[in-house]
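Protein chains in written order, with the numbering used here: chain P, 483 to 656; chain G, 483 to 656. In what follows, a structure is listed as structure tokens, so that the remarks can point back to it.
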């Protein structure tokens, strides 16, 4: 990027300035995948994990970094398949790329890729890799909205992209 | 925050580490408001502006920082009213807090507050303050989905929180 100045190179994030505008960029990932995965029982898979930045656990769609392991050229759908299995214990036979979107364009260049996962088979307990401690929630698609509302009332942070997923699941878009 | 180490203190963002986890935090804002505003013609107000981090313009909901002007204790609904007027030219008589959500909890502690704006009156052209160059889009609510798809096909980045807004507008939730 033209005129980009490095303010601090972290291990996972880089802190940059361009024309007086500050932002962070992931250093160790070529993409971020976010999974919209519904199992045969018509349950949406959600994950809950402690987020150090917020110092509390957050309810989110399953997600992970692409190319953060040994292979920087890891295929995005294979990465999505790996992350879904690691986090939720479900293997998906059919993954479809939906859309890439910026998450918070005022402070990061992060772009997430929404992936629709179908034909799910439970292969294990999930819970993430050795560095993660993830709780899996399997919530009937028709009850997710109310389930989220209950957790929000109880003070639990919820990622708004879950509602994006609900919108697309109803519309069968994008 | 316990054990938080400052890696770099920027002017607008701080870059921190806690237990080996890196993240950024806004320095000059007590909150971020995101507006779900529909005018009397049943059009959803969207904004498009150049985002330096991405080096391209992004289609988003109107949004802005709370407490970044003279008053660090600025009321969140008054801030939302101000930002909506600045960015879109519409004054809202009726603002309602909906929900606060983390935007990208893996790399920032940023929390956005969704605000529903009703009873809109056009007061000016919008376009943002002196430092901004914002294009306003007024799209019939029932056509937003297709309008976004056309822009996505043309390569324009779209913030996924717009779909969150569409979901809530349809459901009349949260």
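Heads up, the beta-carbon is just placed ideally off N, CA and C, and yes, glycines get one too. All figures in this text were calculated on a predicted structure; none of them were measured in a lab.
Quiz item: Is residue 562 of chain G near residue 599 of chain G, with beta carbons less than 8 angstroms apart?
Solution: yes
Exercise. Report yes or no: is there a C-beta of chain P within less than 8 angstroms of the C-beta of residue 544 of chain G?
Key: no
Self-check item: Proximity to residue 617 of chain G [Cα-Cα], best of G:571, G:628, G:583
Solution: Minimum Cα distance to residue 617 of chain G is reached at G:571.
Quiz prompt | Exposure label - residue 569 of chain P; buried when at least 16 CB within 10 Å | solution = Flag for residue 569 of chain P reads buried.
Quiz item: At a Cβ threshold of 8 angstroms, is residue 572 of chain G touching chain P?
Solution: no
Quiz item: Assuming residue 500 of chain P contacts residue 485 of chain P under a Cβ cut-off of 8 angstroms, what Cβ separation, rounded to an integer in Å, is found between them?
Solution: 6 angstroms
Exercise. Compare the beta carbon distance of residue 623 of chain G and residue 524 of chain G with 8 angstroms and say whether it is the shorter of the two.
Key: yes
Quiz prompt | Local conformation of residue 624 of chain G per DSSP, three classes | solution = Reduced to three states, the DSSP call for residue 624 of chain G is helix.
Quiz item: In its own chain, which residues sit with a C-beta less than 8 angstroms from the C-beta of residue 509 of chain P, not counting the 5 before and 5 after it?
Solution: 491, 492, 493, 494, 495, 496
Quiz prompt | DSSP three-state assignment for residue 619 of chain P, whether helix, strand or coil | solution = strand
Quiz prompt | Residues that residue 497 of chain P contacts on chain G, provided the C-beta gap is smaller than 8 angstroms | solution = 489, 490, 492, 495, 497, 506
Quiz item: Which same chain residues, not among the five before or five after residue 541 of chain P, have their C-beta less than 8 angstroms away from its C-beta?
Solution: 528, 529, 530, 619, 630, 633, 638, 639, 640, 641, 644
Quiz item: Would you report the Cα separation of residue 502 of chain G and residue 614 of chain P, rounded to the nearest angstrom?
Solution: 13 angstroms
Quiz item: When the distance is taken between beta carbons, is residue 594 of chain G closer than 8 angstroms to residue 517 of chain G?
Solution: Contact: no.
Exercise. Identify every run of the alpha helix (DSSP H) within the region 514-597 of chain G, keeping only runs that are complete inside it and at least 4 residues long; order them along the chain.
Key: Within the region 514-597 of chain G, the complete alpha helix (DSSP H) segments of 4 residues or longer fall at 558-570, listed in chain order.
Quiz item: In terms of residues, what are the limits of the alpha helix (DSSP H) holding residue 652 of chain G?
Solution: 643-653
Self-check item: Which listed residue (G:535, G:654, G:553) has its alpha carbon closest to that of residue 590 of chain P
Solution: G:535
Practice problem: For residue 518 of chain G, decide whether its Cβ has a neighbour in chain P, counting only Cβ atoms nearer than 8 angstroms. | Solution: no
Quiz item: Can you list, in chain order, the residues of its chain whose CB lies under 8 angstroms from that of residue 576 of chain G, leaving out five sequence neighbours each side?
Solution: 599, 600, 601
Practice problem: Run down chain G in chain order and give the residues with a C-beta less than 9 angstroms from the C-beta of residue 503 of chain P. | Solution: Chain G residues near residue 503 of chain P: 494, 533, 534, 535.
Quiz item: The beta strand (DSSP E) with residue 636 of chain G in it runs from where to where?
Solution: It is not in any beta strand (DSSP E) - residue 636 of chain G carries neither H nor E in the DSSP assignment.
Exercise. Please say whether residue 647 of chain G and residue 543 of chain G have beta carbons closer to each other than 8 angstroms?
Key: yes
Self-check item: the region 641-655 of chain P: positions lying closer than 9 angstroms to chain G by Cβ
Solution: 641, 642, 643, 644, 645, 646, 647, 648, 649, 650, 652, 653, 655
Quiz item: Of all the CB atoms in chain G, is at least one closer than 8 angstroms to the CB of residue 595 of chain P?
Solution: no
Quiz item: How is residue 504 of chain G classed by DSSP in three states: helix, strand or coil?
Solution: strand
Practice problem: Verify whether the separation of the beta carbon atoms of residue 586 of chain G and residue 586 of chain P is less than 8 angstroms. | Solution: yes
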